[in-house]
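Okay, here's the thing in structure tokens:
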């Protein structure tokens, strides 16, 4: 698939969601339409979105370059915010934080894939990952996804996050 066709499809998802909000939304504050952006590891189709191993061979700049067209397309389509999901590595978190600065009108949330109750998938501590994410005022929330239910609550009770 061409990059142009991929962009069209990405944008059509936002347009379809906007139509649904218009059709079924009520009141002045309808549902928000986020644009979902997965980890580079998901693109590889090798499950590295659950390990972060791809980041060992990539620079922050390369990760920003990969995410940029998605951010551009979703922003141009009118997504209310960006949803960076299943982010497994501290390097990819840094890339997201730096990339968001290029899009000052965009807000986002970021969710990590976790290895256990104290570490994101690449082995970085959850507290370190949250600290890096918190460098961007554009990141409105952080969370976890695509992980065992047993690791969902413990990171939020770490002393560094209290």
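Residue numbers (this note's numbering): 1298 to 1459.
Yeah, the Cβ is synthetic: ideal placement off N, Cα and C, and Gly gets one too.
Query raised in the report: Pick from 1327, 1304, 1332: whose alpha carbon is nearest that of residue 1311?
Result: The sequence position of residue 1311 within the chain shown is 14, counting from 1. Checked all of 1327, 1304, 1332; the closest Cα to residue 1311 is 1332.
Requested in this report: Enumerate in chain order the residues of its own chain whose CB-to-CB distance from residue 1435 is below 7 Å, with the five nearest sequence positions on each side excluded.
Outcome: The residue you call residue 1435 lines up with position 138 of the chain shown. Correct list, in chain order: 1397, 1403, 1404, 1405.
Query raised in the report: Looking at C-beta atoms only, is the number of pairs between the stretch 1430-1448 and the stretch 1359-1375 that lie closer than 8 Å three or more?
Result: As far as the Cβ criterion goes, the stretch 1430-1448 does not touch the stretch 1359-1375, which means the pair count is below three.
Query raised in the report: For the alpha helix (DSSP H) that contains residue 1309, what are its first and last residues?
Result: The residue given as residue 1309 occupies position 12 in the chain shown. Start and end: 1300-1321.
Report task. Identify every run of the beta strand (DSSP E) within the stretch 1371-1403, keeping only runs that are complete inside it and at least 3 residues long; order them along the chain. Result -> Whole beta strand (DSSP E) segments, 3+ residues: 1378-1384.
Requested in this report: May I have the straight-line CA-CA distance separating residue 1459 from residue 1314, to the nearest angstrom?
Outcome: As a position in the chain shown, residue 1459 is number 162, starting the count at 1. As a position in the chain shown, residue 1314 is number 17, starting the count at 1. Any reading at residue 1459 must be qualified, since the residue scores a pLDDT of 48, below 50, and its modelled position is unreliable; the value itself is stated next. Cα to Cα, residue 1459 sits roughly 36 Å from residue 1314.
Query - residue 1299 classed as buried or exposed, judged by whether at least 16 other C-beta atoms fall within 10 angstroms - result: To locate residue 1299, count along the chain shown from 1; it is residue 2. Counting Cβ neighbours within 10 Å, residue 1299 comes out exposed, since fewer than 16 surround it.
Query raised in the report: Does the separation of the CB atoms of residue 1319 and residue 1357 fall below 7 Å?
Result: Residue 1319 sits at position 22 when you count from the first residue of the chain shown. Residue 1357 sits at position 60 when you count from the first residue of the chain shown. Cβ distance not < 7 Å, so residue 1319 and residue 1357 don't count as in contact.
Requested in this report: Measuring alpha carbon to alpha carbon, tell me which of 1427, 1371, 1375, 1412 ends up nearest residue 1390.
Outcome: Within the chain shown, numbered from 1, the residue matching residue 1390 stands at position 93. Of the listed residues, the one whose Cα sits closest to residue 1390 is 1427.
**Report entry** Three-state class that DSSP yields for residue 1419 in the structure shown
**Finding:** For the purposes of this step, residue 1419 is taken as the residue at position 122 of the chain shown. In the displayed model, residue 1419 falls within coil according to three-state DSSP, outside both helix and strand.
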